[in-house]
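So the protein lines, in turn, are chains A and B. Quick note on numbering: the UniProt record's numbering labels position 35 of the first sequence as 35, and the sequence is numbered without any gaps. Quick note on numbering: the UniProt record's numbering labels position 110 of the second sequence as 110, and the sequence is numbered without any gaps. For glycine and all other residues, C-beta sits at the position ideal for the given N, C-alpha and C.
There are 2 protein chains.
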Amino acid sequence: MAPWGKRLAGVRGVLLDISGVLYDSGAGGGTAIAGSVEAVARLKRSRLKVRFCTNESQKSRAELVGQLQRLGFDISEQEVTAPAPAACQILKEQGLRPYLLIHDGVRSEFDQIDTSNPNCVVIADAGESFSYQNMNNAFQVLMELEKPVLISLGKGRYYKETSGLMLDVGPYMKALEYACGIKAEVVGKPSPEFFKSALQAIGVEAHQLLSV
Amino acid sequence: MAPWGKRLAGVRGVLLDISGVLYDSGAGGGTAIAGSVEAVARLKRSRLKVRFCTNESQKSRAELVGQLQRLGFDISEQEVTAPAPAACQILKEQGLRPYLLIHDGVRSEFDQIDTSNPNCVVIADAGESFSYQNMNNAFQVLMELEKPVLISLGKGRYYKETSGLMLDVGPYMKALEYACGIKAEVVGKPSPEFFKSALQAIGVEAHQLLSV
């Protein structure tokens, strides 16, 4: 493998994860990870293109960015690639009207989406909203469709909060897949289309990218 | 294949499912399926051994049998093979102390089981008790074990109630399997051990059995 100096020579853009890279989420807005505020500032002063790429799907980009700004980060909504807006684009393109099994914090991202008479399900890290009633509603919507469409914002198994490990969307996606005998379409990391959309936003090719 | 007369000639025992065979569950205790009360009575008057074998895990055997008796069935608790008592036997044999992710209606079956300081999880058709909080509790118990043990009472995908399709235990079992990267041990149908225990109870071999 080429030495770092040589490898970095071809780098034109940097993709930064947010949770666990820039800050640790938790009560009271979380805490910035040591050195990360300054690191983002330095990257933005450099010749490199910077894009933030997250699987966060409990919050809207507006809320997330507000939180990060309060922690001192130089970041705007337009610089963030997140699953909810990527899903909205798919919904619009394919004329899909979702039943939303999502956290209330991210609901505003779907303001422009028609959710009447659902013909698909969008599932995200819904936290406490993963009640039996809501899961069963989603299940019944899928079972009434001739060709059930399940869109999952990420497929993470769990994440860490200050209070301990928390189930992420992945296990609930698997539950609906098994119940209905279907495969979900994953929007968010590690989907190649998701990374591609982040790269397109900064006009950088995959081989010119450093991902953190 | 041999004609029915010849095939039935070797039959010594009959295994009867309960839900969907004897009665349809639903509000107000459900309703007996036409002809089934008399069919059970006739089987019991015959030379055949009769055993009831169910995956019901929202109710204790006492409650289930009480319900069936009120519908006119000749049935006692001792004639029923059900997942909860089978799981209790495994728990005792292996010194396991479960976190119980179960319906309140079946909790009495576990009265004699030590549930302090859990070293495994037992999951059953918990209905409304499949809250995010309860699922996360079960998940955290499993993740703290060196060798996580998950015992699932059945693995059904869903069942039908008068109000519509309802998610069964299987999808939630799959959720915990995926979250923890493990495989559950299924107690109940279609586990061969479960059928075997039902056969042993009436002293009948598998080839002498008719299953309904």
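- The residues Y99 and L101, in chain order, have a CB closer than 8 Å to that of B:N137 in the same chain once the five nearest residues on each side in sequence are set aside.
- With respect to chain B, the C-beta atom of A:N136 has a partner C-beta closer than 8 Å.
- Excluding the 5 residues flanking it on each side, B:K189 has same chain C-beta neighbours closer than 6 Å at N55, in chain order.
- A:S57 is a Cβ neighbour of A:L153, given a cutoff of 8 Å.
- A check of alpha carbon separations from A:L43 across A:V187, A:G95 and A:V11 identifies A:V11 as the nearest.
- Just so you know, the alpha carbons of B:L64 and A:A82 end up roughly 49 Å apart.
- When C-alpha distances from A:I90 are compared across A:C120, A:Q69, A:F73 and A:S76, the shortest belongs to A:C120.
- Spanning the alpha carbons of B:S191 and B:C88 requires a straight line of approximately 16 Å.
- Restricted to the stretch 145–203 of chain B, the beta strand (DSSP E) segments that are unbroken, complete and at least 3 residues in length are 150–153, 158–161, 164–167 and 185–187, listed in chain order.
- Cβ atoms of A:M135 and A:Y172 come within 8 Å of each other, at about 7 Å.
- For the stretch 107–132 of chain B, residues whose beta-carbon sits nearer than 7 Å to a beta-carbon of chain A comprise G127, E128, F130, S131 and Y132.
- Three or more beta-carbon pairs separated by less than 8 Å are not found between the stretch 69–78 of chain B and the stretch 139–154 of chain B, which leaves the two stretches without contact.
- Following the DSSP letters along the chain, one finds A:V121 inside the beta strand (DSSP E) bounded by residues C120 to I123.
- Under the DSSP assignment, B:F52 falls in the beta strand (DSSP E) whose first and last residues are K49 to C53.
- Residues of the same chain with a CB within less than 7 Å of the CB of A:E146, apart from the 5 flanking positions on each side, do not exist.
- With a contact defined as Cβ atoms closer than 8 Å, B:G105 and B:S60 qualify at about 7 Å.
- When the beta-carbon positions are compared, A:L150 and A:A184 come within less than 8 Å of each other.
- Scanning B:G35, B:A9, B:K49 and B:A27 for the CA closest to the CA of B:V21 turns up B:G35.
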